[in-house]
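Every letter in the sequence shown is one number past the one before it in this note's numbering, and letter 65, counting from 1, is 67.
We put the CB at the ideal spot given by N, CA and C, even for glycine.
Reading through the structure tokens given below for one structure.
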Amino acid sequence: MAKLKTNVHVTDDNGAAHVFGPADEVPEWAQALITNPKAWLEPPSPRKSTDVTPQAKAPAKRATPRRKAGNDALPSG
Numbered sequence: 003m004a005k006l007k008t009n010v011h012v013t014d015d016n017g018a019a020h021v022f023g024p025a026d027e028v029p030e031w032a033q034a035l036i037t038n039p040k041a042w043l044e045p046p047s048p049r050k051s052t053d054v055t056p057q058a059k060a061p062a063k064r065a066t067p068r069r070k071a072g073n074d075a076l077p078s079g
């Protein structure tokens with residue numbers, strides 16, 4: 003049975019926050035979301051191939067760099 007070393011905050015599929023600690027029994031859905039190995043005193047056993055694996059996040063969009071005004075914008079004197 004998997005045991006946590008510290009308190010961990012996990013958000014479920016519905017957006018509800020849950021907190022699990024060393025004395026709590028961690029459900030399988032939460033075990034899949036706790037990916038930091040330092041959080042586990044005794045890590046969960048390897049999952050079966052039928053278990054849900056976390057989906058990869060889409061790469062973050064990069065902001066377009068701002069253009070600086072050229073010398074054309076200054077009035078000629």
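By DSSP, does residue i sit in helix, in strand, or in coil?
| i | result |
| --- | --- |
| A19 | strand |
At what residues does the alpha helix (DSSP H) containing residue i begin and finish?
| i | result |
| --- | --- |
| E30 | E30 to L35 |
Please report the distance separating the alpha-carbon of residue i from that of residue j.
| i | j | result |
| --- | --- | --- |
| G23 | K59 | 27 Å |
| N16 | P61 | 23 Å |
| T8 | W42 | 8 Å |
| N38 | M3 | 17 Å |
| P48 | K63 | 33 Å |
| A18 | E44 | 25 Å |
Go through its chain and collect everything with a Cβ distance to residue i's Cβ below 7 Å, but skip five positions before and after it.
| i | result |
| --- | --- |
| H1 | Residue 1 lies beyond the stretch modelled for the chain, which goes from 3 to 79, so this question has no answer here. |
Residue i: buried (16+ other C-beta within 10 angstroms of its C-beta) or exposed?
| i | result |
| --- | --- |
| L6 | buried |
The beta strand (DSSP E) that contains residue i, what's its start and end?
| i | result |
| --- | --- |
| E44 | W42 to E44 |
| T13 | V10 to T13 |
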